[in-house]
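Residue numbers (this note's numbering), protein chains in the order written: chain A, 3 to 348; chain B, 3 to 348.
There are 2 protein chains.
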Amino acid sequence: MTSERNEPPARAGRRPTMVDVARLAGVSLKTVSRVVNGEPHVQRAMADRVLAAVAELGFQRNHMASALRAGRASATIGLVIEELTNPFYSTIAHVTAEMARDRDTLLLSASSEEDPVREEQLLRDLCSRRVDGLLVVPAGCDHSFLNSQVEMGIPVVFLDRPGTNIEADAVLLDNRGGARSGVRRLVADGHRRIGVLLDSVDVHTMRERLAGAQDALADAGIGYDGALVRGGVRDPATAATAVADMLTQPDPPTAFLALNNRITVGAVQELWRRGSDAGLVGFDDFELSHLMPRPLTVIGYDTRELARRATQLLFARIDGDRSRPRTVVLPTELLERGLTPARTPR
Amino acid sequence: MTSERNEPPARAGRRPTMVDVARLAGVSLKTVSRVVNGEPHVQRAMADRVLAAVAELGFQRNHMASALRAGRASATIGLVIEELTNPFYSTIAHVTAEMARDRDTLLLSASSEEDPVREEQLLRDLCSRRVDGLLVVPAGCDHSFLNSQVEMGIPVVFLDRPGTNIEADAVLLDNRGGARSGVRRLVADGHRRIGVLLDSVDVHTMRERLAGAQDALADAGIGYDGALVRGGVRDPATAATAVADMLTQPDPPTAFLALNNRITVGAVQELWRRGSDAGLVGFDDFELSHLMPRPLTVIGYDTRELARRATQLLFARIDGDRSRPRTVVLPTELLERGLTPARTPR
DNA sequence: CGAACCTTGGACAACGTTGTCATACTCTCC
DNA sequence: GGAGAGTATGACAACGTTGTCCAAGGTTCG
């Protein structure tokens, strides 16, 4: 196209900058900036020349430089979750990314792997990249270091669990109520000895769910039996072991409450393997739950709504909402699908 | 702590910069930079003063400014997939994020939703943020616009499907061989009429898998019957419909090959619902496949390895590997789990 | 015909950081 | 004791962009 030029091609693998475009088009730097950003007050002919140069050089604005200069937002939000592989978290990531896209914002996501140290590192790293806001499913037990970040303009919204030592928005589930209604159902089916399988009481949601289960037992006048609560169940395999172990004890449980979906899967597997007819209610629905070898009753909730509300809240903050931090609690729902083969239905 | 100071606090919600730190510590800007970056040649006492000032102000280096000035990498890689909710993709995202973390690199991930236009937008956006590299599960049919990016230093690695009109690394699965072995199995079990359910032939993987199925049929001397191939199956619901429809045709299939996991789920569901004993082999393993109402034979592969290889390749490129683009094909494996209730086993 | 305006374009500084270079000082060794 | 090497610190420019301001030229209107 442009056959003659007196300056050297100038692009030794280097990326073209606005200066290069300006030189090629024979206009000033600022004019290029105006054209690239669609600002008014540039003559058509001049704009065309600039655009031609942009096209020829393959120029692309450097987002970092732009954001730096303009003191503008980085059009990025940070998401810190436990691990992306879990459908619960990937759904959150997906919903958030989708909503972010409508604002030309991208998602910088990272997994804490439930490690508080790592969580803090990640959060600090995200802040140093000047994300516009943070969405966090907290693993750590102290988020006070985020206070200054919030003050300096990086809002934080917690998801699924509240943050600690920080006043910030949170969108949570009614874990306690959910577990309570699950156990209530088992009790109504005649179960009196209900094994509870949970990950760790260090996790807020687990504590809440356990408390809900105990609420229901207390409601039914059933005393607490420590032997029926099994913690440290991290994955399907340990869940299966725990179930097997509890069933072979004297006076075994006749039903189980699995406090998350990984545990539920392990429990189903083990009960199925041994042909046991013990009752089972699981917290968290999961995609194929209705196709399990035995239909399952689960305590479900709307993960997408959880993410949606949190993201909305975050964007409101990013847009300058300075009202007091809010905590939103979303309901759970008992999805009865056959299950809990009532031992002694009465 | 520091009780007196003559300059104003200076932080009207503004973030402290190195200049602020330098002023407070009474040293030069460059000295702060040295301390913050752990460069040598700073006296202990001076470094301590700087660190104290950093702590007091809550200073945090601006990653964007730093990367800009140093012309350095942004310590970010871009991942474009179809949709994060699918376990296949979330596993990829997870593995990649994990490997990136070892290099203090974060993952900027985005879903193309199989929309080529959107894919291109996302890729351009990622490039304008100067990611260090791109990992792409391509949806589009022309990636020539990435050529200049590669030339200018943003390497691209394609995952699961090759890019089009671009010479770049790719890590793929042996889709054709996998489908072939799946159908071979069904044929060995005595099936002659095998229904094939696929998404769209516009997708590279689907074409390959279909071709593999046809290979196996040809090997067995079974003629091609267009009525047995059903495209446009996008999700479990349409898969169920397709199965139902095909089973009620005259001379129905006695077995099905589902060309991805969403389709497999729908097919299982429908076969189960009707109590059909038709054979079934699904492409893609999925977590609970062994817990399905009827055990399933699936064509599996190592998704983590796929992601691992691709990420390795990408980092090698980022580190300056200028060798010819490579294409890696990973094997699939037929995971026989009961299934394909041999109609006429012989 | 000149004042007042609008349009268009450019020069320059600034965003927050780091690389380059210069300076002042200390130490070593012949 | 002076050359040479090394250490500690700072001044300044630069990364690629955008905001501010000014100037040149054109148009309108009294």
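Just so you know, even glycine gets a beta-carbon here, dropped at the ideal spot from N, CA and C.
query	result
Contact check, V173 of chain A vs R311 of chain A, beta carbons under 8 angstroms	yes
Any C-beta of chain A under 8 angstroms from that of H96 of chain B	yes
C-beta neighbour in chain B for R63 of chain A, strict 8 angstroms	yes
Inter-residue CB distance, R306 of chain B and V97 of chain B (contact presumed, cutoff 8 angstroms)	5 angstroms
Euclidean distance between Cα positions of D171 of chain B and N88 of chain B	24 angstroms
Cβ of C129 of chain B within 8 angstroms of any chain A Cβ	yes
C-beta contact flag for V133 of chain B and S76 of chain B at 8 angstroms	yes
Whole runs of the beta strand (DSSP E) within the stretch 288 to 342 of chain B, excluding any shorter than 3 residues	299 to 302, 329 to 332, 335 to 337
CB contact flag (S202 of chain B, G234 of chain B, <8 angstroms)	yes
For V38 of chain A, the three-state DSSP class (helix, strand or coil)	helix
Cross-chain neighbours of L53 of chain B in chain A, by beta carbon under 7 angstroms	By Cβ distance, chain A contributes nothing, its closest Cβ being about 16 angstroms from L53 of chain B, past 7 angstroms.
8 angstroms Cβ cutoff, R183 of chain B in contact with chain A	Residue 183 of chain B is actually Ser in this sequence, not Arg. Not closer than 8 angstroms to any Cβ of chain A, the Cβ of S183 of chain B fails to qualify, so no.
Range covered by the beta strand (DSSP E) that runs through L282 of chain A	281 to 285
For A239 of chain B, the nearest candidate out of B:F147, B:T207, B:R209, B:L199 (CA to CA)	B:L199
Check whether V300 of chain B and L337 of chain B have beta carbons under 8 angstroms apart	yes
Neighbouring residues, chain B, relative to E148 of chain A (Cβ below 7 angstroms)	Residue identity check: residue 148 of chain A is Leu in the sequence provided, not Glu. In chain order: nothing, as chain B lies at least about 11 angstroms away.
Paired residues, beta bridge with A172 of chain B - DSSP	B:F160, B:T329
C-alpha distance - L261 of chain A paired with L128 of chain B, whole-angstrom precision	39 angstroms
Cβ pair count under 8 angstroms reaching 3, the stretch 220 to 233 of chain A against the stretch 282 to 295 of chain A	no
Any C-beta of chain B under 8 angstroms from that of A67 of chain A	yes
Buried/exposed call for S30 of chain A, threshold 16 Cβ in 10 Å	exposed
Chain-order list of residues whose beta-carbon lies under 6 angstroms from that of T166 of chain B (same chain, five-residue window excluded)	C143, D144, H145
Residues in the stretch 30 to 60 of chain B having any Cβ partner in chain A nearer than 8 angstroms	G60
Beta-carbon neighbours of R17 of chain B, restricted to chain A and to distances below 7 angstroms	M154
Beta-carbon proximity of L70 of chain B to T313 of chain B, cut-off 8 angstroms	no
Contact list for the stretch 304 to 325 of chain A against chain B, Cβ threshold 9 angstroms	none
Segment contact, 8 angstroms Cβ cut-off, at least three pairs: the stretch 102 to 122 of chain B with the stretch 90 to 106 of chain A	yes
N177 of chain B burial status per 10 Å Cβ neighbour count (16 or more: buried)	buried
Closer than 8 angstroms at the beta carbon, the chain A residues around E85 of chain B	H96
Under 7 angstroms (Cβ pairs) to chain B, residues found in the stretch 288 to 302 of chain A	L290, L293, M294, P295
Expected contact under 8 angstroms - CB spacing of L273 of chain B and V245 of chain B to nearest Å	7 angstroms
Rounded distance between the beta-carbons of V37 of chain B and R49 of chain B, thought under 8 angstroms	Reading the sequence as shown, one finds Ala at residue 49 of chain B and not Arg. Yes, they are in contact, since the Cβ atoms of A49 of chain B and V37 of chain B sit about 5 angstroms apart, within 8 angstroms.
First through last residue of the beta strand (DSSP E) which encompasses I83 of chain A	78 to 83
Ranges of the beta strand (DSSP E) found wholly within the stretch 103 to 161 of chain A, counting only runs of at least 3	108 to 113, 135 to 138, 158 to 161
Any C-beta of chain A under 8 angstroms from that of T93 of chain B	yes
G284 of chain B burial status per 10 Å Cβ neighbour count (16 or more: buried)	buried
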